[in-house]
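Take 15 as the starting number for the sequence shown in the numbering used here and just add one per residue.
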Amino acid sequence: PELKANEHFMQLQTRITALENGIADRREWYNESVNLHNVRIEQFPDLIVARLFSYTEQPLLQFSVAEKADVDLKALFTA
15 PELKANEHFM
25 QLQTRITALE
35 NGIADRREWY
45 NESVNLHNVR
55 IEQFPDLIVA
65 RLFSYTEQPL
75 LQFSVAEKAD
85 VDLKALFTA
């Protein structure tokens with residue numbers, strides 16, 4: 015039983031790491047897209063269309079330290 019539980023824990027840990035990496039990749043892609051948008055709406059000729067359709071600068075996706083804190087997985091499974 016101990017070996018089986020350890021194997022499942024390792025699989026869970028691997029999956030969580032993969033999810034965290036995927037989220038980081040998507041956040042990076044989103045911020046690059048927003049940055050490009052914000053730059054282009056200020057450049058000619060794109061600014062003509064941007065003003066015509068009321069495009070505005072968009073905020074980057076950022077998280078506070080509290081939002082980045084690790085989740086206590088043990089508490090989730092003992093509840």
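Ideal Cβ placement from N, Cα and C applies to all residues, glycine included.
- For Val85, the secondary structure class from DSSP, reduced to helix, strand or coil, is coil.
- Taking a C-beta distance under 8 angstroms as the contact criterion, Asn45 and Leu74 qualify as a contact pair.
- Taken through DSSP and simplified to helix, strand or coil, Tyr69 comes out as coil.
- In the structure shown, Phe58 falls within a coil segment according to DSSP collapsed to helix, strand and coil.
- The beta carbon of His51 sits closer than 7 angstroms to the beta carbons of Gln72 from its chain, once the five residues preceding and following it are set aside; these are given in chain order.
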